[in-house]
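Trainee:
4 protein chains.
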Amino acid sequence: MANVPGRSNKERVRSRKAPSQDRSRDTVAVIRTAAKQILEEKGFDGLTTNLIAEVAGVSIGSLYQYFPSKEAIVGAVIEQRANETIRALWEFAQNLPDNSFEGAITAVTRWYVERYRTDRALYRAILPEIERLERTEFVRERTAKIGEMIALGIGGFGDEIAPSDPELAGFLIAAAAEGVLARAVLAGDDVLDRPELADELAAMVIGYLTRRRTG
Amino acid sequence: MANVPGRSNKERVRSRKAPSQDRSRDTVAVIRTAAKQILEEKGFDGLTTNLIAEVAGVSIGSLYQYFPSKEAIVGAVIEQRANETIRALWEFAQNLPDNSFEGAITAVTRWYVERYRTDRALYRAILPEIERLERTEFVRERTAKIGEMIALGIGGFGDEIAPSDPELAGFLIAAAAEGVLARAVLAGDDVLDRPELADELAAMVIGYLTRRRTG
Amino acid sequence: MANVPGRSNKERVRSRKAPSQDRSRDTVAVIRTAAKQILEEKGFDGLTTNLIAEVAGVSIGSLYQYFPSKEAIVGAVIEQRANETIRALWEFAQNLPDNSFEGAITAVTRWYVERYRTDRALYRAILPEIERLERTEFVRERTAKIGEMIALGIGGFGDEIAPSDPELAGFLIAAAAEGVLARAVLAGDDVLDRPELADELAAMVIGYLTRRRTG
Amino acid sequence: MANVPGRSNKERVRSRKAPSQDRSRDTVAVIRTAAKQILEEKGFDGLTTNLIAEVAGVSIGSLYQYFPSKEAIVGAVIEQRANETIRALWEFAQNLPDNSFEGAITAVTRWYVERYRTDRALYRAILPEIERLERTEFVRERTAKIGEMIALGIGGFGDEIAPSDPELAGFLIAAAAEGVLARAVLAGDDVLDRPELADELAAMVIGYLTRRRTG
DNA sequence: AATGAATGAGTATTCATTCAT
DNA sequence: TATGAATGAATACTCATTCAT
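Residue numbers (my numbering), protein chains in the order written: chain D, 1 to 215; chain X, 1001 to 1215; chain Z, 2001 to 2215; chain G, 3001 to 3215.
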């Protein structure tokens, strides 16, 4: 009697109703925020649907009116974080003080590291779930989108820098940066708080993009 | 991770007894192997202690004689995988055909990518757990150890290449590579099977290590 | 996360382990008895797995060690009741005081009605579930088996009585009797307690079996 | 059947308002029809109030304006079916081709079996609920009413056939017939589709009514 | 009269872990 | 040392019903 037949598991990851009305949008946001908060404070294992509802000040029934599963809520938190990151990164990239290639990369890298430093608690909880959900489309898109943005940004710096496959380069940079930051966040505070971290990461990206072609 | 009165979490992660006798070592190995197999076949969510015991042909009681918790078993699987990787990487590094710096990096990178390609099922299951366990010492050590090995390997190539902090460089390279491979594994087979992947990763590492210093 | 994949719904109806050891058999019996008792006292809607466990003096975990689902427990209660009925009916039929055809039918019918009268509470709870589970094999078998017994009993009374298809006749008689008793039980006590009920039912069976053939 | 403070269960079974206006009558009918359709297509477990409302194109609030509970809706479906059956049976009985007693019984029985055969899906879903609701008055009335009709029909055939208590005889016949058909429907298609079924049932009824009195 | 967002009690089931034998 | 029966806390999710608008 547990499992409802006519609903595939895949369906259970997206939102149940499109939050068209204002009230609905609020509820969705409230739930998402509550989940995020719990994730930060108690980690993934402390995240319970009933607790989410309680913290959100919403009944458990309402929670399931808007999200088909716990997984979907976590997904929404991750998705929103990703969207915020992308938007913020974009904005930041518009207003770089130093417009040189190296300056740009360095600034962006620092900004990125800082972001993880500030929200390390959230990332600590979210990162394993990102991997776990990676196969889900919207999360895959996220890496892709960041990769594209990077590719786009790179594109502005002329032929000398241009990699043969900008998209692949974007993927590599995004994935490498996230790999470094993930490991740094999860390794504890030692590495994450080292001031050289950002510059080393920048060096890696710069080195990658400015290397002499061997082929 | 249920109710465990009066035992700190930290204690529960290492093996309960040093496997001194042969039989013990066998049992430990048998359990570890069973867990690994289940992980490959059914993923993390299919892994239960009772199933591990069943597949291992061991009673659940015995299982707890050798491992204090499920987490410890997963940790053991990851640890062993890491040790194998380290050992294999070391051996591979001893017998490089091309002893040039770039040749070495390229060869190692290819080898590394291949390793993930071959065992993608295992990695798909294990990767999120690595992140989740990262704070646990022995897993932290793994990244560190790989980092050190890289640092060591790099050290052999003279001053021009030497980074100011070899250990940090090692960490960055290891973490970046793993980030790229993790994302590639989890993103589905498309990226993982692109032949350029290894060389791009190599290019990143080489670029990082051979960059002109800016300071 | 609710539904375990690799187990078909059908599997969940039989017992989980064969109650080979004595202790196991006890536990199974204790659970079944508790369920039966609750069914009698509170009806089907009052039947809860946790309550069953509590009444049985067994942990909920143990309950699921022996029964794969709530449905299976109800099935077990019904099955046992059916087996008891069949056995008791058989025994009763061996020792009929009056060996005439009509005497036999009348005696058996009275016995049958009495059985429903005595255990009306149980039947009230169980009957709808029998219908619901009827498609499940072991319950289907029950009607069949009673039908066969009746066919067998009829067979002893010579050619004049013999229906052309004894099995079908058995089915009809069993089903009609159960229909009458079910309706009587569920209709409230008025009908069930009318003394003529058994004899009317007997009259129906006798009339059916002794009718002059029209074809 | 959740939390309903301060309202007796009995009250909750009849319709909430007498559908005096046309619109009301429509809404009631629309809901009833939707419920019936879902019952046929998805069975009782697929029947939820929200789904009924959705299929009926009515808000859940309106649904509760016309029916005090889910049970009442199911009851209404059953009731209507019963009324239809009674009306149709009545009509059919008016126009029997063969006016002999045996011819009448045979014709009616065949008609009845056919009815179950045609709507087996509906009956499969409804039958257990009939048993469950049997205590509710209007369902009790149904069996009674069919019984009365039978009694009435029987009454037309002279003294030889007349049972001592026509009402009880009607009850027995109705209950036996329904028992046989219920078991046949639920047992799967094998029995229900046997052509002899109707005639055997007829034989049972005829035999019952024409038996020589023993007392 | 109608709406549908919100409610929350209720329930089946899982699984890491213990401990008597 | 080994066994495996027993434990029970923990949790995701459903759905009949209400009531403010």
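Glycine residues also receive a C-beta, built at the ideal position from the N, C-alpha and C atoms. Note that the structure is predicted; figures quoted are calculated from it, not measured.
Using three-state DSSP, classify Z/R2081 as helix, strand or coil.
Mentor: Translated into positions along the third sequence, residue 2081 of chain Z becomes position 81. It is helical.
Trainee: Going by CA-CA distance only, name the one from Z/G2043, Z/R2211, Z/D2119, Z/T2085 that's closest to Z/I2146.
Mentor: Within the third sequence, the letter at position 146 stands for residue 2146 of chain Z. Of the listed residues, the one whose Cα sits closest to Z/I2146 is Z/T2085.
Trainee: For a cutoff of 7 Å on Cβ pairs, would you count G/A3175 as touching chain Z?
Mentor: Along the fourth sequence, one-based indexing puts residue 3175 of chain G at 175. Yes, its Cβ sits closer than 7 Å to a Cβ of chain Z.
Trainee: What is the DSSP secondary structure of D/L47, counted as helix, strand or coil?
Mentor: Your numbering for residue 47 of chain D matches position 47 in the first sequence. Reduced to three states, the DSSP call for D/L47 is coil.
Trainee: Identify the continuous alpha helix (DSSP H) that holds X/S1062 and give its terminal residues.
Mentor: Taking the first residue of the second sequence as 1, we reach residue 1062 of chain X at position 62. From DSSP, the alpha helix (DSSP H) with X/S1062 extends over 1060–1066.
Trainee: Any residues in the region 148–174 of chain D with a beta carbon nearer than 9 Å to a beta carbon of chain X? Which ones, in chain order?
Mentor: Cβ contacts with chain X: P163, S164, D165, L168, A169, F171, L172, I173, A174.
Trainee: So which of D/P195, D/I150, D/G156, D/V77 has the shortest CA-CA distance to D/A174?
Mentor: For the purposes of this step, residue 174 of chain D is taken as the residue at position 174 of the first sequence. Minimum Cα distance to D/A174 is reached at D/I150.
Trainee: Check whether chain G comes within 7 Å of Z/G2046, counting only Cβ atoms and requiring the distance to be less than that.
Mentor: Indexing the third sequence from 1 puts residue 2046 of chain Z at position 46. No, no contact with chain G.
Trainee: Let me confirm a value: G/A3088 is counted as buried when at least 16 other C-beta atoms fall within 10 Å, else exposed. Which label applies?
Mentor: Taking the fourth sequence and counting its residues from 1, the one referred to as residue 3088 of chain G is at position 88. Exposed, because fewer than 16 other Cβ atoms sit within 10 Å of the Cβ of G/A3088.
Trainee: Where does the unbroken alpha helix (DSSP H) through D/E160 begin, and where does it stop?
Mentor: In the first sequence, the residue the question calls residue 160 of chain D occupies position 160. No alpha helix (DSSP H) holds D/E160; DSSP gives it neither H nor E.
Trainee: Can at least three beta-carbon pairs, one atom from the region 39–49 of chain D and one from the region 120–135 of chain D, be found at a separation below 8 Å?
Mentor: Flag = yes, the region 39–49 of chain D and the region 120–135 of chain D touch.
Trainee: For X/G1147, which three-state DSSP category applies?
Mentor: Here residue 1147 of chain X refers to the residue found at position 147 when the second sequence is read from its first residue. The answer is helix: DSSP assigns X/G1147 an H, G or I state.
Trainee: How do the region 195–215 of chain D and the region 1201–1209 of chain X stand: do at least 3 beta-carbon pairs fall below 8 Å, yes or no?
Mentor: The region 195–215 of chain D, when compared against the region 1201–1209 of chain X, does touch it at the 8 Å Cβ threshold.
Trainee: Name, please, each residue of chain X whose Cβ falls closer than 8 Å to the Cβ of D/L127.
Mentor: Position 127 of the first sequence, counted from the start, is the residue given in the question as residue 127 of chain D. Here the neighbours are E1131.
Trainee: Could you work out which residue in X/E1079, X/A1187, X/L1201 is closest to X/R1124 when comparing CA atoms only?
Mentor: Residue numbering aside, residue 1124 of chain X sits at position 124 when the second sequence is read from its first letter. Closest option to X/R1124, Cα to Cα, is X/A1187.
Trainee: Closest Cβ-Cβ distance between D/E71 and chain X: below 7 Å?
Mentor: Start at 1 with the first residue of the first sequence, and residue 71 of chain D comes out as number 71. It does not; no Cβ of chain X falls within 7 Å.
Trainee: CB-CB under 7 Å to D/A202, same chain, minus the five flanking residues each way: which ones, in chain order?
Mentor: As a position in the first sequence, residue 202 of chain D is number 202, starting the count at 1. So the list reads I105, T106, T109, once near-sequence residues are dropped.
Trainee: For the alpha helix (DSSP H) that contains X/P1166, what are its first and last residues?
Mentor: Taking the second sequence and counting its residues from 1, the one referred to as residue 1166 of chain X is at position 166. Note, X/P1166: alpha helix (DSSP H), 1166–1186.
Trainee: Counting only C-beta atoms, is G/R3120 closer than 7 Å to chain Z at any point?
Mentor: One-based indexing of the fourth sequence puts residue 3120 of chain G at position 120. No, G/R3120 lies away from the interface with chain Z (no Cβ there is under 7 Å from its Cβ).
Trainee: Give the residues of chain G in contact with Z/T2033, contact being defined as C-beta atoms less than 8 Å apart.
Mentor: Along the third sequence, read from residue 1 onward, the residue named residue 2033 of chain Z stands at position 33. Simply none; closest approach about 24 Å.
Trainee: Give the range of the alpha helix (DSSP H) segment to which X/D1199 is assigned.
Mentor: Working through the second sequence from its first residue, we reach residue 1199 of chain X at position 199. First-last of the alpha helix (DSSP H) with X/D1199: 1196–1210.
Trainee: Taking G/A3169 as the reference, give the member of Z/A2144, Z/I2031, Z/V2180 with the closest Cα.
Mentor: The residue labelled residue 3169 of chain G in the question sits at position 169 within the fourth sequence. When only C-alpha atoms are compared, the closest one is Z/V2180.
Trainee: Would you call the region 74–84 of chain D and the region 48–63 of chain D touching, i.e. three or more CB-CB distances under 8 Å?
Mentor: Contact fails: fewer than three Cβ-Cβ distances are below 8 Å.
Trainee: With 7 Å as the threshold, decide whether the Cβ of X/L1186 is near any Cβ in chain D.
Mentor: As a working mapping, residue 1186 of chain X is identified with position 186 in the second sequence. Closer than 7 Å to some Cβ of chain D, the Cβ of X/L1186 qualifies, so yes.
Trainee: Measure the alpha-carbon distance for Z/Y2066 versus Z/R2115 and round it to whole angstroms.
Mentor: Sequence index remark: in the third sequence, residue 2066 of chain Z carries index 66 (1-based). Sequence index remark: in the third sequence, residue 2115 of chain Z carries index 115 (1-based). Rounded to whole angstroms, Z/Y2066 to Z/R2115 spans 29 Å at the Cα level.
Trainee: Give a yes or no on whether 7 Å exceeds the smallest Cβ distance from X/R1183 to chain D.
Mentor: Taking the second sequence and counting its residues from 1, one reaches residue 1183 of chain X at position 183. True, the Cβ-Cβ gap to chain D drops below 7 Å.
Trainee: On the three-state DSSP scale, how would you describe G/G3057?
Mentor: Along the fourth sequence, read from residue 1 onward, the residue named residue 3057 of chain G stands at position 57. Note: G/G3057 maps to coil in three-state DSSP.
Trainee: Going along the region 188–209 of chain D in order, which residues come within less than 9 Å of chain X, judged by CB to CB distance?
Mentor: Answer set for the region 188–209 of chain D: G188, V191, R194, E196, L197, D199, E200, L201, A203, M204, V205, I206, G207, Y208, L209.
Trainee: What does the alpha-carbon distance come out to for the pair G/A3081 and D/Q37?
Mentor: Counted from its first residue, the fourth sequence places residue 3081 of chain G at position 81. Counted from its first residue, the first sequence places residue 37 of chain D at position 37. Per the sequence shown, residue 3081 of chain G should be read as Arg rather than Ala. Using only the alpha carbons, I get a separation of about 54 Å.
Trainee: Apart from the five residues just before and just after X/L1122, which ones in its own chain have a Cβ nearer than 6 Å to its Cβ?
Mentor: Reading the second sequence from its first residue, position 122 is the one you call residue 1122 of chain X. These residues qualify, in order along the chain: E1040.
Trainee: Assuming Z/L2127 is part of the alpha helix (DSSP H), what are its boundary residues?
Mentor: Locating residue 2127 of chain Z in the third sequence gives position 127, counting from the first residue. Run containing Z/L2127: 2120–2133, per the alpha helix (DSSP H) assignment.
Trainee: Let me check you understand the geometry: is the CB of Z/Y2112 closer than 6 Å to at least one non-hydrogen atom of the ligand FMN?
Mentor: By its list of ligands, the structure shown contains no ligand whatsoever, and the ligand FMN lies outside what it can speak to.
Trainee: If you count every other CB in all the chains shown that lies within 10 Å of the CB of D/P195, and 16 or more means buried, which is it?
Mentor: If you number the first sequence from 1, residue 195 of chain D lands on position 195. The residue is exposed, with fewer than 16 neighbouring Cβ atoms inside 10 Å.
Trainee: What distance in whole Å lies between the Cβ atoms of D/V185 and D/R120, which are believed to be in contact at a cut-off of 8 Å?
Mentor: Locating residue 120 of chain D in the first sequence gives position 120, where the first residue counts as 1. Locating residue 185 of chain D in the first sequence gives position 185, where the first residue counts as 1. Indeed, because the Cβ distance is near 5 Å, the residues count as touching under 8 Å.
Trainee: Run down chain D in chain order and give the residues with a C-beta less than 8 Å from the C-beta of X/R1211.
Mentor: Start at 1 with the first residue of the second sequence, and residue 1211 of chain X comes out as number 211. Within chain D, the residues near X/R1211 are A203, I206, G207, T210.
Trainee: Would Z/V2113 and Z/A2176 qualify as a contact pair, given that the criterion is a beta-carbon distance under 7 Å?
Mentor: Taking the third sequence and counting its residues from 1, one reaches residue 2113 of chain Z at position 113. Taking the third sequence and counting its residues from 1, one reaches residue 2176 of chain Z at position 176. No, they are not a contact pair.
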